[in-house]
Structures are given as structure tokens and as C-alpha cells.
Amino acid sequence: MPHHPAAASRNGGKVLVYVVMIALSVSILLAFIVHVGTTPKQILLPTFSVSLDGFDGLQTPAPAPAISSTFNLTLHAASSGSPQSQRLCLEGGSVAVSYAGAVLAWGRVPGFCVERHEQKCVRMVALGTEVALTVYCRAEWI
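For the sequence shown, the positions run 13 to 154 when this note's numbering is used.
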């Protein structure tokens, strides 16, 4: 089967584009690695996590079409140990507990401050009253 020169030229152009894209990707990746490797290790961001301490109102194995639930949560906040870290204060906010894309409960996060090099635990409660569950959510529950 004869090879058409124009087809070979088009394929060669595609290969060149792929090679250039790969070269650019590798260059960007190497630049990022060099940058991360030379960034001062003392700059640490604060860390946050949430733990579930208890819950009520969740029926098993099959939930009702609407549920009322309570979730006791603890927000753990830790200021970094870096010399650049400062006192961390948050004015407050909101929290939502979800399952299979459905919000089951929500609540307020109270304002708090964490001193430099310290940790803080903030307790909060998320409540849901007669929250309607989708068919998908109920199916995933089982």
C-alpha cells in the first residue's frame, strides 16, 4: 500500500506536537521540584481536622425517607511550630455533615484563637431536622 507524503507530514507534525508537550510538561515538573526543594522548610501552615465524637438519629439498616440527626464534632486546630507562625484566629463559620452527596445536618463553628505553637479543640454540634433523603442516598445507606 503506497504511503502518501502529505499523510506522513501530518503524522510527523502530530508527533512533534506531542514531543513538545511532553518536553514542556517535564520542564514544568522539574521546575516545581526544584522550587519545592529550595523552599524554606520553616514555613509550615496551620493544620485542621474534624473528629466525629458521637451521633444520634440514624436508623439502620434502612433509613426513613426523612431523618432527624445530631452529630457531636470536634475541630482540632494546630498552629505551626515555625518562627514565622502567628496567632491564628477564626471568626467562626459553619459545618455540614453529608453522606452520599446529601447534607444530613449542619451547625455553627464558634470563633476561636490558637496561640503560636499551640493546639485547640473546639466542640460543635450539627443538627438535621426532618432532612429528606434522596432515593440514591437511601440506596447507598444499605
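We treat Cβ as the ideally placed atom computed from N, Cα and C, and that holds for glycine. Just so we're clear, the structure is a prediction, and the values are computed from it rather than from any experiment.
Heavy atom of the ligand SAH within 8 Å of residue i beta-carbon
i       : result
Leu-102 : Absence of the ligand SAH from the depicted structure is noted, as is the absence of any ligand whatsoever, leaving it without description.
Per-residue burial, residue i [other beta carbons within 10 Å of its own, 16 or more giving buried]
i     : result
Val-1 : This structure does not reach residue 1, given that the chain is present from 13 up to 154, and the question cannot be answered.
Proximity winner among the options, relative to residue i (alpha-carbon distances)
i       : options                              : result
Leu-100 : Phe-124, Gly-69 and Cys-133          : Phe-124
Ala-117 : Glu-130, Lys-132 and Leu-139         : Leu-139
Glu-142 : Val-62, Thr-82 and Ser-91            : Thr-82
Ser-216 : Ile-34, Arg-128, Val-107 and Glu-152 : Since the displayed the chain opens at 13 and closes at 154, residue 216 lies outside it and no answer follows.
Gly-119 : Asp-68, Gly-66 and Met-136           : Met-136
Ala-114 : Ser-80, Arg-128 and Cys-149          : Cys-149
Glu-152 : Ala-112, Val-121, Glu-130 and Ile-34 : Ala-112
Cross-strand partners of residue i (DSSP beta bridge)
i       : result
His-129 : Bridge partners of His-129: none, in fact.
Ala-108 : Trp-118
Val-137 : Asn-84
CA-to-CA distance, residue j to residue i, given in whole angstroms
i       : j       : result
Phe-60  : Ala-89  : 5 Å
Gln-98  : Lys-132 : 14 Å
Leu-87  : Val-147 : 31 Å
Ala-78  : Ala-144 : 4 Å
Ser-110 : Leu-57  : 27 Å
Val-134 : Gly-104 : 11 Å
Asn-84  : Ser-91  : 23 Å
His-129 : Leu-70  : 38 Å
Pro-122 : Ser-80  : 22 Å
Leu-102 : Asp-65  : 22 Å
Phe-67  : Ile-34  : 50 Å
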